[in-house]
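Our numbering numbers the first residue of the sequence shown as 1 and each following residue consecutively.
A virtual CB, placed ideally from N, CA and C, is assigned to each residue, including glycine.
The structure displayed is predicted, hence computed values, not measured ones.
Below is one structure, written out as structure tokens, with a few remarks after it.
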Amino acid sequence: MFYLLAVMIEHGVMNLNHPFSYAYSGVGKPLEGLRVRVEFGHKDLIGFIVEKPKEIQGNLEEYNSASQLKVKEIKELLDTEPILNEELLSLAKTAAAYYLCPFIEVLKAMLPPSLRPDTISLTKPKKAYEEKYYLTGSSYDSKDLDRNELKLLERFKAEKDGLSRSQISSKISLIKLEKKGLVSLIKKEKLRLAKIEDEDFEEHELSQEQEKAYQAIAEGTNEVYLLEGVTGSGKTEVYIKLIEKTIKEGKGAIILVPEISLTDRMIARFRSLFGDKAALIHSGLTDAQKYDEYLSIARGDAPIVVGARSAIFAPVKNLGLIILDEEHVESYKQDTMPFYDARKIALLRVANQGRKLVFGSATPSLECKARAEKGIYQLVKLESRFNDVKLPQVDLIDLSDYSNIDYDSVIISLPLRKRIQETLERKEQVILLLNRRGYAPIYYCRHCQKILKCPSCDRPLTYHKEDKAVTCHHCSYVLKAEDLVCPKCGGKVFTYSGFGTERVEEELERFFPQARIVRFDADTARKKGKYHQIITEFAAGAYDIMIGTQMVAKGHDFPSVSLAVALLADQSLEFPSYKANEDTFDLLTQLAGRAGRKEQGYALIQTYSPSNPVIKLACQQDYEAFYKYEMENRKQRVYPPYCFLINITISGKDLSKTEEASYRVKDYLISKLIREKGKRTDIFGPAKPFIEKRADRYYRVIMLKYKNRDLIQDALVGLNVLPLGESDLKLVIDVDPSSDI
């Protein structure tokens, strides 16, 4: 007798996206959800059992002979129990079907590196143990012990967590006590959990409005809620009360935030309330920490999970509540295979499970707001700031008005300098936003004006003065500035134009030499723990001014910030995406909301387009008016939420072959979706994306607009096996993309 196994192989490609048959005749019963080591294509690979094993009578040789197959025996079972429960296995299969991606890639996204079904996982951290001596005998006669033994016993009594061998100097006394049965060496699992600094958080009683919102969700019968609350309205306090109720009911909860920079303060707050019951998951943890946090959750030791996007897959036991804070932020959507969206996964996890999902935002995404307006989600509002603090006063600075600027700086305007100085004199803090890192976005030859571009991406290289280098922000290509030679004229003298956060920091230091200034962007925060350090120190008043990219505008609560500034509000409006208006409004409104948490603050928006309706509505902080304005735009142009989108990207190293393949894909779609069954979708492209070339590969994009997924599913599935003509050519499907480019 043996077991016939259906095994998915670790390679995440669509032509291998089906189970292969293997046999197991070893000791014990294999289970669905276990990893196995198998031979595949003359190589040892890791596989994953995706179906319940079938018990086959007789031996493997007889089975192969009768069925004329060549089923191989697996080499090893890697797990003793399933690494995913039934719910998460089912979720993985549903997600793979929805996102049209290899099932094995979804599994990899769900699991920590040590448990993933791939060969690399074998080298990743496993359970760690530490050996310590503990006091195990309490009955003894002191007359039978010498002075050193008695002294060591007193140490054991004081050290409840035991003593390691290295902590004990008198090894002879240790041996004697061990022989007498008074101490024993015990091996215990060592948890390498994320270290969280203790912080004091002032807890508040819910306001009348917050209590009403809490009751609406806690006592409601809907599955999905939209908690729409103005910035500073205290949505987090409502979240905490909901989680307290969930834990009292013996259930677990997941709370997601959109950025790693927000997770540390959130987990610190939850640890202060719930202790070790709160676990942390995000990509910034070490592999060992990810493994131990995951095990802690799976065992039920930590029923509360705080984290970024990937935490939506946490194996919380008896899950009862999911909260997605700042629901509108696009970082909930993964931009690499398997392209999942945590918001969609959250909806799948609560569907018909008796669970609740809360989307929270001051500026909900249009899709979420539209569903709430239709009653698909229950809308709950917080219309006042906590303690009735007024929303910040927002003023425009017109950069096209030359009276506002001088030769000292074209980006730190005269009115802005005055307002910053006044804020500093009041001993209050300032946040400035410029969504462009580095010193300058353009670096060019002074002699021939040739702009230096990345050889792999054909995009301008960004100058980083601090590193004395130019960098491609798309593929991380780096060249030291001292080594640069102009490819056109051979010149070695270069200059720059434009502004990044590094250059703004330099100008602020020049204008305000006494101010303590910190820069918060991907460059300054790339070192481990730096995110948390900068945020914590700024919140504690260690700095007067913080300049950063969009991460400074998201969800932070800085009590002493009274002035928030958008240095170049037009920047995101220029991005060629159907979401440009929404992203700009969200960013400006969220930025303004960082100011005046204790009493009314101020926000300044510098712009070359003061009459732009999006800029105007952001100044008024009128989300409802913006929602109506942008919904009309989307309706006229037929974009979500009036349709769904899919981007099909074809890439290759040869431009002509890439274009040829993209038209072959379009012809296939036209044939399947229009000629054979009538028009079921709108097909656009193939077109050049915003970045046409990345890492020596050319890209073309075909966009589909559709309203009924069921009508086009068969054609989409067929795309994944469509021959493109060259092995180098790749096709990737992005369902519900965050942009149309």
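{"Check": "Under 8 Å between C-beta atoms of Y706 and R637", "Outcome": "no"}
{"Check": "Bridge-paired residues (DSSP) for E73", "Outcome": "A23"}
{"Check": "For R343, the first and last residue of its enclosing alpha helix (DSSP H)", "Outcome": "342–350"}
{"Check": "G718 - containing alpha helix (DSSP H), residue span", "Outcome": "709–719"}
{"Check": "Same chain, Cβ closer than 8 Å to F103, neighbours up to 5 away in sequence not counted", "Outcome": "M8, N17, V50, A92, K93, A96"}
{"Check": "Reduced DSSP category for E62 - H, G, I as helix; E, B as strand; rest coil", "Outcome": "helix"}
{"Check": "Beta-carbon separation (whole angstroms), A253 vs G320, contact threshold 8 Å", "Outcome": "6 Å"}
{"Check": "D287 vs S403 beta-carbon contact at 8 Å", "Outcome": "no"}
{"Check": "The alpha helix (DSSP H) enclosing T649, as first and last residue numbers", "Outcome": "From DSSP, T649 is part of no alpha helix (DSSP H) but of the beta strand (DSSP E) over 644–652."}
{"Check": "Pair within 8 Å by beta-carbon distance, A525 and S310", "Outcome": "no"}
{"Check": "Simplified DSSP state of P415, which is helix, strand or coil", "Outcome": "helix"}
{"Check": "Pair within 8 Å by beta-carbon distance, E630 and N708", "Outcome": "no"}
{"Check": "Range covered by the alpha helix (DSSP H) that runs through F274", "Outcome": "260–274"}
{"Check": "Local conformation of L591 per DSSP, three classes", "Outcome": "helix"}
{"Check": "Helix, strand or coil at I534 according to DSSP, with G and I counted as helix", "Outcome": "helix"}
{"Check": "Where P513 falls, given that 16 or more other Cβ within 10 Å makes a residue buried", "Outcome": "exposed"}
{"Check": "Residues near Y477 in its chain [Cβ-Cβ closer than 8 Å; skip 5 each side]", "Outcome": "C454, P455, S456, C457, L461, T471"}
{"Check": "Beta-carbon proximity check, S184 vs Y133, cutoff 8 Å", "Outcome": "yes"}
{"Check": "Sheet register partners of S361 (DSSP bridge)", "Outcome": "E228"}
{"Check": "Own chain partners of S497 with C-beta closer than 7 Å, once the 5 adjacent residues on each side are dropped", "Outcome": "A440, I442"}
{"Check": "Any beta strand (DSSP E) of 3 or more consecutive residues that is wholly inside the stretch 181–222", "Outcome": "183–190"}
{"Check": "Buried or exposed by the 16-neighbour rule on C-beta atoms within 10 Å, applied to Q429", "Outcome": "buried"}
{"Check": "4 or more residues per run - each alpha helix (DSSP H) lying fully within the stretch 412–496", "Outcome": "414–425"}
{"Check": "Beta-carbon gap between R343 and L324 smaller than 8 Å", "Outcome": "yes"}
{"Check": "CA-to-CA distance, D401 to A351, given in whole angstroms", "Outcome": "54 Å"}
{"Check": "For V329, three-class secondary structure by DSSP", "Outcome": "coil"}
{"Check": "8 Å Cβ cutoff met for P686 and R700", "Outcome": "yes"}
{"Check": "At least 3 beta-carbon pairs within less than 8 Å: the stretch 244–264 vs the stretch 615–627", "Outcome": "no"}
{"Check": "Complete alpha helix (DSSP H) runs within the stretch 109–175 (minimum length 4 residues, chain order)", "Outcome": "147–158"}
{"Check": "Beta-carbon spacing of L424, A542 below 8 Å", "Outcome": "no"}
{"Check": "Euclidean distance between Cα positions of N720 and M14", "Outcome": "6 Å"}
{"Check": "Under 8 Å between C-beta atoms of Q210 and T363", "Outcome": "no"}
{"Check": "CB contact flag (L645, A715, <8 Å)", "Outcome": "no"}
{"Check": "E422 versus F558: straight-line alpha-carbon distance, rounded", "Outcome": "18 Å"}
{"Check": "Whether F359 touches E330 by CB criterion (8 Å)", "Outcome": "no"}
{"Check": "Cutoff 8 Å: S90 Cβ touching any chain D Cβ", "Outcome": "Of the protein chains in this structure there is only one, and it is not chain D."}
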